Every structure is written in C-alpha cells, then in structure tokens.
C-alpha cells in the first residue's frame, strides 16, 4: 500500500478568544498520497485553510497529530518547522505576494538562492509558460501571470508538496484556467504532491481526489474516476 | 549581486528623496552629538584649567570667630595641602542712582595682597593695596552692571560704618561663578556683588583682629 505524504489523526484546532472558543477543525483524519492532486473543497470558514496551514508548518494543531512522511509536525521546534517549510513545501496563496521591485526572474531567484537543489529560475518560469515575460516586473504582469510567477517561485526549489490556498480566488475564469494548467502540468511532469484549497466546485473535476469540508470536519471524500483537463473547466 | 541586494538598491533608488532626508536627519543628529560631546569636553577642560590656575579650594568652612593661630594647626592635619584663612561678611551698598538696596559679599585679601587660594583673575586694573583702607576689587559682572570702572567709588556700610570705597580693578573668581544674593531667587548682578579688600580693614570693621571667620583649603589626595 502506498505510504501517505501527509497523515493526520484527529486534528482539532481551537481559536480561544477568551470569551468564545471557535472550533476551526473538529477531529480531521486525512491522508494525502505522493504525486496526488487533491482538492480540498468547502465554503468559507469550513476549516480547509486552517488544515493547510497546519500541514504546511505555518500553524500548530490544538489537539491531534499531523505527520509529514512519518515526522510529527507537532513536536518540531520553530527552527525545525522553518527547515521543513524551506526544504519540502511550496506555498501558493490567493494574493501572489511578489516583491514589486524585482522582475519575475528575480522573484523566483529569491528562492533558488537559498535552496539546496533548485531548478534555474528560467526553467521554473518556462514550466508555467512565462518565458516571454521573464524580465517583467509584477506591475507589468496580469493577475494570472503574477500567480504563475508565484507558482514558479513555489516549485523552483523542487518541493515534495505544493500547497495552494485559493490560487484562482482573485482571478477570472480564463486566467484561472491558465493557473490551473500550470498546476496540473507541475503535478504531471514533476510528480509534486499538490493540495489545492478552493470553494470553487468546478475545480474538483481536475483532481485525483476531492475532500469536502463542512463545519471543521471532512464531510465526504470522492475519488475522480475521470478527470477533466483544466481547459475543460469553466466557471 | 544577490537578489535581495538588488531589491535594496532599487527600493533605495525609488525612495531616494526620503532616503536623502533620513540621511540628512541622521547626519544632523550625529553632528549635534559630536558637537555636544566636544563642547562638554571643552567646558570640562576649561573648568579644570580655571580651577587649577586660580587654585580653587577643595574645602570651605566658616566660623563666628577663630584665632589666626589655628591656621598652623589646620596645616598640620594629614591630607591638607594649603590653607587660607580670611574674613567674609556681607555689607549694604549705597549705589548712586539706585533706589532699591544693594549688597555685597566682602572677602578679605591677605596682607601679602594676593590670596594663596581662590585667586581672583584680574580682568581690569590692579589688586588693592593691602594697606589702603578704601581700595577694593569687585567682581566683573557687578562692575559692568553698575557701570563701574577702575577709579569708580561707591558707599558701603560695613558693620554700621559707612565708608567710601574706591575700585582699583575688576576680577573673576571660580568661587563666585553663579551669584545669588541673600534672599534672592535669581542672580542680579546690579544689586549683588563680591568685594575683595584688605584684611586689616575688614578685621577692624567687624572686630575680628587677629582672627578669621572663614577658612578654605586644598587637599593632597584631590590633586
């Protein structure tokens, strides 16, 4: 049986504001396998971003355990978590977080300069179809292009997992599809385990597996027997 | 060049006006700091030099009346380097054209003319003749405030005796840098001054013949 890259056991996350306790996650058990493209689907506030932050080492669970290839993230020190994020995880967020005063190539080089075995920035940008925009500044790029630069930046260090939090949330359908094509291509060609958070139900059709979230819990898991290509998706 | 350095250079270039303003503010701050430190050091050195040159005393003590014979005993005290005994008193002044009362601190000069300690720096004129009963040296701010020069005269009441005093010169002493008269809140150089005059004149005026009521001394360990 295939070993999961991520394995969680009864993860609970509570935000304690003093007067009120808000349960963001209520005992989530989830496995994500190597090379898999998983879509975490749910409405706002259903707990999917919280789970992604815990898996990415950006946050810690209140209870339960989260393992990355057998290593317990909950017991890692801050320094170990930083090393984990740097070596193994690529992040793509809804808002691209590019440095405005650096070109696309330089934004990617920010990561490759501090990685152990990175691909060249030019290669990373080529993989997302931005060779012709390599020396453009973020202000000279469209939203979709900026997000693809962010994806190139995330994959340039050859991470084992790519965690994407609403990568098309700020984009229209046409440019969103271009971003999804880039993600699908990375998943296919590099075998990068990819988890995509979205509340856009149309995106579920391109995933190997879909995990439905509601009220801090997994309500349903579905394996797609046939997957759509990104350009076949519309919303 | 590393990418972060490129970012730094570009951001710096983009914000050159603000950067220049910040640099100028910092430069001004550093300049003021350097100037302030320089001034502080210069003033401290000037003060030390002034004290040393005028042999400013380390210890000041006063008494109602003490025999001059005590001076020898004080000199024998371990750690005492130099001793000066003198008479100090206050006098009411009668200054021409001034309605409000003025006063002065009288300080005796030794019979040799120039004191051993707390030597006034002569700014103008000369020291009084120790044997001349009416000759006095006054502190410079008092002289300037009242328009006095060497040769000017004014009346002073010494222990009930009104005397006409003649100024032979003006001076400054480390002992009297910031002068506030008795009962005053602020310095008033017009109404309060320092008058140095011969020991014998003050001794006879205040019935302190063969005695002193003020002693100053320097200590060996302070040098």
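Residue numbers (this note's numbering), protein chains in the order written: chain F, 16 to 250; chain X, 8 to 230. Ideal placement from N, C-alpha and C gives every residue a C-beta, glycine not left out. Being a predicted model, the structure only gives us computed values, none of them experimental.
Taking residue 10 of chain X as the query, report the chain F residues whose CB atoms sit under 7 angstroms from its CB, ordered along the chain.
Result: 117, 121, 124, 125, 128.
In the DSSP assignment, the alpha helix (DSSP H) including residue 148 of chain X goes from what residue to what residue?
Here the alpha helix (DSSP H) through residue 148 of chain X covers 147–153.
According to DSSP, what are the bridge partners of residue 52 of chain F?
Answer by DSSP bridge pairing, in chain order: F/209.
Leaving out five residues before and five after residue 79 of chain F in sequence, what residues of the same chain have Cβ atoms less than 6 angstroms from its Cβ?
So the qualifying residues of the chain are 24, 25, 26, 27.
Which residues of chain X have a Cβ atom closer than 8 angstroms to the Cβ of residue 114 of chain F, listed in chain order?
Near residue 114 of chain F (Cβ distances below 8 angstroms), the residues of chain X are 14.
Using three-state DSSP, classify residue 21 of chain F as helix, strand or coil.
It is a strand residue.
With a floor of 4 residues, list each alpha helix (DSSP H) that falls wholly inside the segment 112–178 of chain F, ordered by position along the chain.
For the segment 112–178 of chain F, whole alpha helix (DSSP H) runs of length 4 or above, ordered along the chain, are 119–127, 136–142, 158–170.
Verify the contact flag: residue 249 of chain F, CB atom, against every heavy atom of the ligand ZN, threshold strictly below 7 angstroms.
The model depicted lacks the ligand ZN and carries no ligand whatsoever.
For residue 211 of chain X and residue 143 of chain X, what's the separation of their Cα atoms in angstroms?
Going from the Cα of residue 211 of chain X to the Cα of residue 143 of chain X covers about 16 angstroms.
Tell me the residue span of the beta strand (DSSP E) that contains residue 178 of chain X.
Taken as a continuous stretch (DSSP letters only), the beta strand (DSSP E) holding residue 178 of chain X covers 168–179.
If you run the structure through DSSP and keep just helix, strand and coil, what is residue 194 of chain F?
Note: residue 194 of chain F maps to helix in three-state DSSP.
Using 8 angstroms as the Cβ pair cut-off and three pairs as the minimum, do the segment 193–201 of chain F and the segment 161–176 of chain F touch?
Yes: at least three Cβ pairs fall under 8 angstroms.
Using a Cβ-Cβ cut-off of 6 angstroms (strictly less than) and excluding sequence neighbours within five positions of residue 16 of chain F, which residues of its own chain qualify?
Any reading at residue 16 of chain F must be qualified, since the residue scores a pLDDT of 48, below 50, and its modelled position is unreliable; the value itself is stated next. Nothing meets the Cβ criterion.
Would you say residue 17 of chain X lies against chain C (beta-carbon separation less than 8 angstroms)?
Any reference to chain C falls outside this structure, whose protein chains are F and X.
Any chance the segment 134–146 of chain F sits against the segment 91–99 of chain F, with 3 or more Cβ pairs inside 8 angstroms?
Touching, no.
Sorted by chain position, which residues of the same chain lie with C-beta nearer than 7 angstroms to residue 185 of chain X's C-beta, five sequence neighbours on each side aside?
If we look at residue 185 of chain X and ignore the five residues flanking it on each side, its Cβ neighbours are 194.
Taking just the CA atoms, how far does residue 118 of chain F sit from residue 152 of chain F?
Answer to the nearest angstrom: the Cα atoms are 4 angstroms apart.
Which same chain residues end up closer than 6 angstroms to residue 7 of chain X when comparing Cβ atoms and leaving out the 5 residues on each side of it in sequence?
Because chain X in this structure spans residues 8 to 230, residue 7 of chain X falls outside the shown range and cannot be described.
If you check the beta carbons only, do residue 210 of chain F and residue 238 of chain F fall under 8 angstroms apart?
No, the Cβ-Cβ distance between residue 210 of chain F and residue 238 of chain F is not below 8 angstroms.
Report, in whole angstroms, the separation of the C-beta atoms of residue 83 of chain F and residue 38 of chain F, which I expect to be a contact under 8 angstroms.
No, residue 83 of chain F and residue 38 of chain F are not in contact; Cβ-Cβ is about 24 angstroms, not under 8 angstroms.
The alpha helix (DSSP H) spanning residue 65 of chain F covers which residue range?
Where residue 65 of chain F is concerned, the enclosing alpha helix (DSSP H) stretches over 63–70.
Quick check: the segment 138–158 of chain X against the segment 199–215 of chain X, are at least 3 beta-carbon pairs closer than 8 angstroms?
Yes, since at least three Cβ pairs between the segment 199–215 of chain X and the segment 138–158 of chain X fall closer than 8 angstroms, the two stretches touch.
Does any C-beta atom of chain F lie closer than 8 angstroms to the C-beta of residue 21 of chain X?
With 8 angstroms as the cut-off, residue 21 of chain X counts as an interface residue toward chain F.
Only counting runs of 4 or more residues, tell me where the alpha helix (DSSP H) segments fall wholly within the segment 76–126 of chain X, in order along the chain.
The segment 76–126 of chain X contains these whole alpha helix (DSSP H) runs: 77–83.
Over what stretch of residues does the alpha helix (DSSP H) that includes residue 52 of chain X continue unbroken?
Per DSSP, residue 52 of chain X belongs to the alpha helix (DSSP H) from 23–60.
Does the segment 40–47 of chain X touch the segment 163–183 of chain X, meaning 3 or more C-beta pairs lie closer than 8 angstroms?
Taking 8 angstroms as the limit for Cβ pairs, the verdict is that the segment 40–47 of chain X does not touch the segment 163–183 of chain X.
At the level of alpha carbons, what is the spacing between residue 229 of chain F and residue 36 of chain X?
Rounded to the nearest angstrom, the two C-alpha atoms are 59 angstroms apart.
Counting pairs of beta carbons, one from the segment 167–180 of chain X and one from the segment 123–139 of chain X, are three or more of them closer than 8 angstroms?
Result yes; three or more Cβ-Cβ pairs closer than 8 angstroms.
According to DSSP, is residue 187 of chain X part of a helix, a strand, or is it coil?
It is coil, neither helix nor strand.
I need the boundaries of the beta strand (DSSP E) containing residue 72 of chain X, first residue and last residue.
From DSSP, the beta strand (DSSP E) with residue 72 of chain X extends over 66–74.
Are residue 168 of chain F and residue 126 of chain F touching if we call contact CB-CB under 8 angstroms?
A contact, by the Cβ cut-off of 8 angstroms.
Along the beta strand (DSSP E) that carries residue 224 of chain F, what are the first and last residues, could you check?
Looking at the DSSP string, the run of the beta strand (DSSP E) that includes residue 224 of chain F is 224–229.
Measuring only the C-alpha atoms, how far is residue 8 of chain X from residue 191 of chain F?
Taking the straight line from one Cα to the other gives about 35 angstroms.
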